[in-house]
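Numbering (the numbering used here), first residue to last: 279 to 442.
Glycine included, C-beta positions come from ideal geometry on N, C-alpha and C.
Computed from a predicted structure; not experimentally measured.
Structure record follows, encoded as structure tokens.
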């Protein structure tokens with residue numbers, strides 16, 4: 279929805295860009311949802327889909343760490359599946375005729391694989407209780423503060439990724 283408002287033509291290359299269309303789309307959807315009196319939960323979902331849809335493609339790049347993908351799913355939960363489906367449709371629409379079929383297939387295959395991995399492994403990891411909590415750290419002599427949150431986050435990420 280935000281693309282018409284962010285369309286730019288780069289004179290040096292003749293390339294059309296839509297930088298910031300995700301944020302603009304989020305704003306448009308938010309305003310529409312408020313006018314239509316859509317529930318807050320549904321409005322937040324629409325905003326999230328608009329704002330985050332480009333991140334899925336980035337996650338499919340070679341070399342993306344498993345911990346980055348796990349953080350994405352932890353942040354979005356089951357809504358990530360809707361986002362992946364949206365990303366698949368978005369990718370199909372923007373991959374023009376010059377795009378090789380093998381590239382399209384590779385992206386769709388990655389999406390299928392990551393959804394299967396979410397339901398077979400990642401989601402189950404999230405349901406496992408934290409190995410350590412703030413009380414445990416206090417009992418070890420740590421003083422509560424932002425550093426404690428960072429420690430707990432690092433431990434949880436290591437737990438989610440199977441390192442511990």
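To the nearest angstrom, report how far apart residue i and residue j are at their CA atoms.
i	j	result
residue 284	residue 415	48 Å
residue 281	residue 371	13 Å
residue 312	residue 322	11 Å
residue 297	residue 287	11 Å
residue 242	residue 302	One cannot answer for residue 242 here, as it falls past the ends of the chain, which runs 279 to 442.
residue 380	residue 345	27 Å
residue 390	residue 305	30 Å
residue 292	residue 378	22 Å
residue 316	residue 392	31 Å
residue 279	residue 426	41 Å
residue 422	residue 403	26 Å
residue 429	residue 436	11 Å
residue 431	residue 407	13 Å
residue 341	residue 364	23 Å
residue 440	residue 325	32 Å
Shortest alpha-carbon distance to residue i belongs to which of the options?
i	options	result
residue 401	410, 389, 413, 354	354
residue 395	323, 360, 351, 335	351
residue 361	327, 367, 348, 388	327
residue 369	359, 358, 386, 380	386
residue 366	309, 325, 338	338
residue 438	422, 343, 324, 325	343
residue 358	334, 340, 413	334
residue 397	356, 320, 309, 430	356
For residue i, is the classification buried or exposed, using 16 other Cβ atoms within 10 angstroms of its Cβ as the cut-off for buried?
i	result
residue 307	buried
residue 299	buried
residue 442	exposed
residue 417	exposed
residue 330	buried
residue 384	exposed
residue 348	buried
Looking only at its own chain, which residues have a Cβ that is under 6 Å from the Cβ of residue i, when we skip the five neighbours before and after it?
i	result
residue 410	433
residue 294	287
Compare the C-beta of residue i with all C-beta atoms of chain C and state if any pair is closer than 8 Å.
i	result
residue 387	Annotation note: the requested chain C is absent from the structure, which comprises a single protein chain.
Give every residue of the same chain whose Cβ lies closer than 7 Å to the Cβ of residue i, excluding the five residues on either side of it in the sequence, and list them in chain order.
i	result
residue 388	338
For the segment 340–419, which segments carrying the alpha helix (DSSP H) assignment without a break, of at least 4 residues, lie completely within its bounds, in sequence order?
For the segment 340–419, whole alpha helix (DSSP H) runs of length 4 or above, ordered along the chain, are 344–354, 357–372, 379–395, 401–405, 412–417.
Contiguous beta strand (DSSP E) assignments of at least 3 residues, all confined to the segment 291–349
Within the segment 291–349, no complete beta strand (DSSP E) segment of 3 residues or longer occurs.
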